[in-house]
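A quick write-up on the structure given underneath.
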Amino acid sequence: MSDFAALVRRQLAADLRALPARVRGAGGTQQRLGPLRTIADVRGAARRALPRAVFDFVDGAANDELAMRRNRAAFEELALHPRFLVDVSSVDTRTSVLGSAVPSPLLGAPTGLSGLVHPGGEAALARAVQRDGSLYVLSGMASYSIEEVAEAASGLRWFQLYVWKDRGFVRDLLRRAADAGYRALVVTVDAPRSGARERDVRNGFSLPPRITLRSLLDGALHPRWSAGFVRHSRFVLANTPPRLEPGDGGQDPLALVEYFASQFDASVTWTDLSWLREQWPGPLVVKGLMRGDDALSAVEAGADAIWVSNHGGRQLDDAPSALSALPAVADAVGTRAEVYFDSGIRRGSDVIKALALGARACFVGRPLLYGLAVAGEEGAHHAFRLLRRELELTLALTGCASVADLPSASLLSPGSGGRASSPAEAS
Ligand SMILES: Cc1cc2nc3c(=O)[nH]c(=O)nc-3n(C[C@H](O)[C@H](O)[C@H](O)COP(=O)(O)O)c2cc1C
1302 MSDFAALVRR QLAADLRALP ARVRGAGGTQ QRLGPLRTIA DVRGAARRAL PRAVFDFVDG
1362 AANDELAMRR NRAAFEELAL HPRFLVDVSS VDTRTSVLGS AVPSPLLGAP TGLSGLVHPG
1422 GEAALARAVQ RDGSLYVLSG MASYSIEEVA EAASGLRWFQ LYVWKDRGFV RDLLRRAADA
1482 GYRALVVTVD APRSGARERD VRNGFSLPPR ITLRSLLDGA LHPRWSAGFV RHSRFVLANT
1542 PPRLEPGDGG QDPLALVEYF ASQFDASVTW TDLSWLREQW PGPLVVKGLM RGDDALSAVE
1602 AGADAIWVSN HGGRQLDDAP SALSALPAVA DAVGTRAEVY FDSGIRRGSD VIKALALGAR
1662 ACFVGRPLLY GLAVAGEEGA HHAFRLLRRE LELTLALTGC ASVADLPSAS LLSPGSGGRA
1722 SSPAEAS
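Residue numbering for the sequence shown follows our numbering, beginning at 1302 and increasing consecutively.
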């Protein structure tokens, strides 16, 4: 028999042996996740799994989605300039954030209303991220309460706050978060009002979801999502000020999203940040800053960390890419506070670029939600692990044995996208 015929025979025999297990697993979680090898693959599967309005709520951004596209373009324009003949037989991704050890600089960003994506919601996301020992930040607009997530996911957690007009309610939230073991408070400052998510407007996205002929049809086309939604729907907001129901004193039947938007305090200033500093006993993180001067003001108001972000492009559509804003913030803050980054990370190599530009750690939002949509906690964990593996491989290929070797602008090739130095300047 020729070598070719022998090869075909061996492969066919192996495929036949594997067939019963594959048939048994058809439609199973691993079967669904196995072929998804990149975040782009996971996003594609999420698009197929979710009704249009829910996918667009997760995937969309403000207005023309310029800021979201800029976030990606900034990463793509920036190249890594590798070093060789460095021992990278093992790479060390461990680091720490505000004194807590984490296995890699990749962390879980706060995303509200995750229960719409999958009934497991934020509890499933927190478990997925904590499974390898990482940090999850619970959104103040979450579908699960502070206490429910603490109970479901006992690992490292921070709590993210939107500043509500009712300061008594804010004080109560902080007390609950501290009691439930959330180690740090993240105050999001880039949302004095909600950005104009035009996909949501076009889709008639509302909370609770409006049952129309179109939404019923879309639900029928996505039976797995609909089954979860009917059995354990989680479209409540669990940590927001109590709402007066129509007939319960408040007569205006506002959609929930509009109601809560009306409760955001758009008058918040640095004085309020100092007030929050006094109320919260642990470390304070300010999320959504894009300028060196703002970052310095935050440090002066008592922030322990600055989180550079343009909210994944969901707020000010004319904002620059978050990556281009990072060097100025890192320069301004120096060693006075830790600097974190999010917005647009879709590859492990993106984390390295952000670290090279001065971030200590990076957060991801949508990649985890895409995974959650495909297969709940397992899906979110799969997405997280894909990024972590890419991060490790890229570190080795770049000639970095440890994330501690970053920041190092000399790793970035000349060109656009940030404070890249030329190879001649490389130290
Ligand atoms: C569906 C969704 C909901 C979000 N909800 C919140 C939130 O409640 N609080 C907050 O500070 N940021 C929220 N964000 C922003 C994320 O924390 C993060 O800044 C952003 O997703 C990062 O960009 P990426 O999605 O490209 O990773 C949300 C983002 C998405 C996609």
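Here a beta-carbon is modelled for each residue, glycine too, at the ideal position from N, C-alpha and C. A quick note: this is a predicted structure, and the numbers were derived from the prediction, not measured.
Contact check, residue i vs residue j, beta carbons under 8 Å
i	j	result
Asp1393	Ser1703	yes
Leu1439	Leu1585	no
Glu1559	Ala1606	no
Val1430	Val1587	no
Gly1666	Ala1684	no
Val1569	Ala1596	no
Ala1681	Leu1669	yes
Tyr1437	Arg1458	yes
Glu1423	Ala1443	yes
Gly1434	Pro1406	no
Cutoff 8 Å; reference residue i; Cβ partners in own chain excluding five residues on either side
i	result
Asp1519	Pro1352, Arg1353, Ala1354
Ser1303	none
Gly1589	Thr1489, Val1490, Asp1491, Ala1492, Trp1608, Ser1610, Asn1611, His1612, Gln1616
Leu1308	none
Residue i beta carbon near ligand 1 (any heavy atom closer than 7 Å)
i	result
Arg1511	no
Ser1610	yes
Arg1667	yes
Ala1655	no
Leu1670	yes
Pro1411	yes
Asp1776	Any property of residue 1776 remains undetermined from this structure, which presents the chain solely from 1302 to 1728.
Gly1441	yes
Gln1461	yes
Arg1318	no
Ile1607	no
Proximity winner among the options, relative to residue i (alpha-carbon distances)
i	options	result
Ala1374	Ala1623, Arg1637, Gly1400	Ala1623
Gly1614	Met1591, Gly1635, Ser1598	Met1591
Cys1663	Arg1648, Gly1677, Val1450	Arg1648
Thr1541	Val1464, Gly1583, Ala1479	Val1464
Gln1461	Gly1409, Arg1428, Ser1397	Gly1409
Gln1365	Gly1529, Asp1619, Glu1678, Leu1522	Checking the sequence shown, residue 1365 turns out to be Asp, not Gln. Selected option, being the one with the closest Cα: Asp1619.
Asp1706	Arg1384, Arg1333, Ala1341, His1523	Arg1384
Leu1508	Ala1567, Gly1413, Leu1627	Gly1413
Gly1335	Ser1714, Leu1687, Leu1692	Leu1687
Pro1621	Arg1370, Arg1310, Gln1332, Thr1339	Arg1370
Pro1411	Phe1565, Ile1512, Ala1425, Gly1400	Ala1425
Nonlocal neighbours in the same chain, by C-beta distance under 7 Å from residue i, ignoring five residues either side
i	result
Ser1575	Ala1602, Gly1603
Leu1712	Leu1381, His1382, Ala1657, Thr1699
Asp1501	Asp1357, Phe1358, Gly1361
Arg1311	none
Nonlocal neighbours in the same chain, by C-beta distance under 6 Å from residue i, ignoring five residues either side
i	result
Leu1337	Val1343, Ala1346
Phe1506	Ala1354, Phe1358
Arg1300	The requested residue 1300 does not occur in the structure, where the chain is confined to residues 1302 to 1728.
Any chain C beta carbon closer than 8 Å to residue i
i	result
Ala1567	The displayed structure is made up of one protein chain only, and chain C is not part of it.
3-residue-minimum beta strand (DSSP E) runs that sit fully inside the segment 1613-1668, ordered along the chain = 1639-1642, 1662-1665
query = What are the complete beta strand (DSSP E) segments, minimum 3 residues, inside the segment 1335-1420?
reply = 1396-1398, 1401-1403, 1407-1409
ask   = Of all the beta strand (DSSP E) runs that stay within the bounds of the segment 1428-1456, which reach a length of 3 or more residues?
value = 1437-1439
inquiry  = So within the segment 1481-1535, which uninterrupted alpha helix (DSSP H) runs reach at least 4 residues, ignoring any that extend past its ends?
reply    = 1499-1504, 1514-1522, 1524-1533
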